[in-house]
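Chemist: First the structure, which I've put down as structure tokens, then a few questions once you've had a look.
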Amino acid sequence: MLVINREELENILRPKDVVDAAKDAFIAFSQGKVKQPERQVLNVKGNWWGIMPSYTDKAFSVKVISVINENKSRNLPTVQGTVLLMSPETGETLALIDGTILTAMRTAAASVLSTELTMGRKIHTLGIIGAGTEAYYHAKIGMGYLSVSRLLITARKSHFQLASKVGGEAVDHITLLKESDVIFSTTSSSVPVVLGDYLKDNFHVSSIGAHTPDSREIDDRAISKAKTFLVDSIDAVSREAGDYIQPMKKGLIKNVIEIGKAILEGNKISTPSIFKTVGIAAQDNFASYYAYKAAISRKL
């Protein structure tokens, strides 16, 4: 059994690898080639925990993940997790993988993939809202895969440090909204931080936060401007995402399509666009299998 830690994941998985894994995962999900029972969600000491199993003909995986906002004061990542990868043929344990970093990388890859599908790979100004682990990997994978002229970072705090670390510019919230062509929203906010009144006429937003029915990252004005609303799973966002549930009840969302189906159909996606992801187990399955194969090939 391999144990793949944070440093090893970063060494063996290039930005292209995790984007390719995300693409394969979403396609397989839309084709029904990956089985993933509904994730079990638990409330543990007031915090969100999820258990996410899935399997394909190549791999069986289980991820245990938690979102603990109090970790900010402990200087720990808000998201914590572990992925167990097993052989569907023999039941052997193949790898135990750092789920915190794998989650951050595969989530960032989904945002980057949605950007490529809607705006292409050449982006003038990319804005990231947030300064935590997800924000860092969105910057790292986004800058490593896309061709970005300008990177803007904003957050309640720590955006100066992150901007310095990833080669971006620390700016105020409204400046980022006004000047960004693509926005990655990676916050733990329960109220909207993507405000439609300040967005450009053409934009793409990927929102990875607000994963409960009563929380939002995107306001109604931004959603009403979007011509396409991409999701990872219609079923998942219908149960979990306030950014989908609430505006859908108001009739504000137009042209909903799962990202895997959009890839398969190969049609040009109309912008402005929004991608809402709550994360699906297929992403962890494919990302962990890619990491395992890369580790084997490098004799880790």
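The numbering of the sequence shown is UniProt numbering, which starts it at 1 and goes up by one.
In this text, a Cβ means the ideal position worked out from N, Cα and C, and glycines have one as well.
These numbers come from a predicted model, not from an experiment.
Just verifying my parser: in three-state terms, what is the DSSP assignment at valine 193?
Modeler: If DSSP states are grouped into helix, strand and coil, valine 193 belongs with coil.
Chemist: Taking the alpha-carbon positions, what's the residue 311 to tyrosine 137 distance?
Modeler: Coverage of the chain is limited to positions 1 through 300, which leaves residue 311 absent and any answer about it impossible.
Chemist: If we require 4 or more residues per run, which alpha helix (DSSP H) segments fall completely within the region 77-127?
Modeler: Within the region 77-127, the complete alpha helix (DSSP H) runs of at least 4 residues are 99-119.
Chemist: Can you tell me the Cα-Cα spacing of arginine 156 and glycine 130, whole angstroms?
Modeler: Each residue's Cα considered, the two are about 8 Å apart.
Chemist: If contact is defined by three or more beta carbon pairs under 8 Å, each pair taking one atom from either stretch, is the region 30-38 in contact with the region 117-135?
Modeler: Not touching, per the Cβ criterion.
Chemist: Tell me the rounded alpha-carbon separation between lysine 261 and phenylalanine 26.
Modeler: Each residue's Cα considered, the two are about 8 Å apart.
Chemist: Given a threshold of 16 other Cβ atoms within 10 Å of its Cβ, counted over all protein chains shown, does methionine 119 qualify as buried or as exposed?
Modeler: That one is buried.
Chemist: Okay, do the region 160-172 and the region 200-218 touch, 3+ Cβ pairs below 8 Å being the bar?
Modeler: Taking 8 Å as the limit for Cβ pairs, the verdict is that the region 200-218 does not touch the region 160-172.
Chemist: For the region 12-28 against the region 101-114, are there 3 or more C-beta pairs whose distance is under 8 Å?
Modeler: As far as the Cβ criterion goes, the region 12-28 touches the region 101-114, which means the pair count is three or higher.
Chemist: Touching or not, the region 80-99 and the region 281-291, by the rule of three or more beta carbon pairs under 8 Å?
Modeler: Counting Cβ pairs under 8 Å, three or more are found: they touch.
Chemist: Nearest CA to the CA of glycine 50: which residue from Leu176, Ala236, Lys249, Tyr290?
Modeler: Considering only alpha carbons, the answer is Ala236.
Chemist: Taking lysine 276 as part of the beta strand (DSSP E), name the residues at either end of that continuous run.
Modeler: Run containing lysine 276: 273-276, per the beta strand (DSSP E) assignment.
Chemist: Using alpha carbons as the reference points, say which of Asp17, Glu10, Leu2, Asp220 lies closest to tyrosine 145.
Modeler: That would be Asp17, whose Cα lies nearest to the Cα of tyrosine 145.
Chemist: Establish whether the CB of aspartate 214 and some CB of chain C are separated by less than 8 Å.
Modeler: Judged by its chain identifiers, the structure shown contains no chain C, having just a single protein chain.
Chemist: Suppose the cutoff is 6 Å on Cβ atoms and the five residues either side in sequence are ignored; what does the same chain contact list for threonine 228 look like?
Modeler: Excluding residues within five positions, the ones whose Cβ falls inside 6 Å are Asn255, Ile269, Ser270, Ser273.
Chemist: Just to confirm, is the Cβ distance from glutamate 179 to leucine 152 under 8 Å?
Modeler: Contact: yes.
Chemist: Whole angstroms are fine: how far does the CA of leucine 252 sit from the CA of methionine 105?
Modeler: Using only the alpha carbons, I get a separation of about 31 Å.
Chemist: Among Val278, Glu265, Ile263, which one has its Cα closest to the Cα of tyrosine 244?
Modeler: It is Val278 whose Cα lies nearest to the Cα of tyrosine 244.
Chemist: If you draw a straight line from the C-alpha of arginine 298 to the C-alpha of aspartate 57, how long is it?
Modeler: Approximately 23 Å, taken between the alpha carbons.
Chemist: What first and last residue would you give for the alpha helix (DSSP H) that runs through phenylalanine 26?
Modeler: 15-31 is the extent of the alpha helix (DSSP H) around phenylalanine 26.
Chemist: Can alanine 95 and leucine 2 be called in contact, C-beta distance under 8 Å?
Modeler: Yes; because the gap between Cβ atoms is below 8 Å, this pair is in contact.
Chemist: Under 8 Å between the Cβ atoms of leucine 199 and lysine 225?
Modeler: Against a cut-off of 8 Å, the Cβ pair of lysine 225 and leucine 199 comes out as a contact.
Chemist: What's the call for lysine 276, buried or exposed, on a 16-neighbour Cβ count within 10 Å?
Modeler: Under this definition lysine 276 is a buried residue.
Chemist: Given that a residue counts as buried once 16 or more other Cβ atoms are within 10 Å of its Cβ, and exposed if not, what is leucine 42?
Modeler: By the neighbour-count rule (16 or more Cβ atoms within 10 Å), leucine 42 is not buried but exposed.
Chemist: Residues in its own chain within less than 6 Å of phenylalanine 184 by CB, not counting five upstream and five downstream?
Modeler: Ser111, Ile128, His138, Ser206, listed in sequence order.
Chemist: How many whole angstroms separate the CB atoms of histidine 173 and threonine 187, which I take to be in contact at a CB cut-off of 8 Å?
Modeler: Histidine 173 to threonine 187, Cβ: 11 Å. No contact.
Chemist: With a threshold of 6 Å on Cβ separation, who are the neighbours of threonine 175 within its own chain once the five nearest residues in sequence on each side are excluded?
Modeler: Excluding sequence neighbours, threonine 175 sits near nothing in its chain.
Chemist: If we require 3 or more residues per run, which beta strand (DSSP E) segments fall completely within the region 38-74?
Modeler: Counting whole runs of 3 or more residues, the region 38-74 contains the beta strand (DSSP E) stretches 40-44, 47-55, 60-67.
Chemist: Tell me the residue span of the beta strand (DSSP E) that contains phenylalanine 229.
Modeler: 228-231 is the extent of the beta strand (DSSP E) around phenylalanine 229.
Chemist: Can you give me the C-alpha to C-alpha distance between asparagine 5 and lysine 249, rounded to a whole angstrom?
Modeler: The straight-line gap from Cα to Cα measures roughly 42 Å.
Chemist: Please report the Cβ distance between isoleucine 68 and glutamine 80, rounded to the nearest whole angstrom; I am assuming they are in contact, meaning their Cβ atoms lie under 8 Å.
Modeler: About 7 Å; that satisfies the 8 Å criterion.
Chemist: Between the C-alpha atoms of arginine 216 and valine 231, what's the straight-line distance to the nearest angstrom?
Modeler: In a straight line, the C-alpha of arginine 216 is about 15 Å away from that of valine 231.
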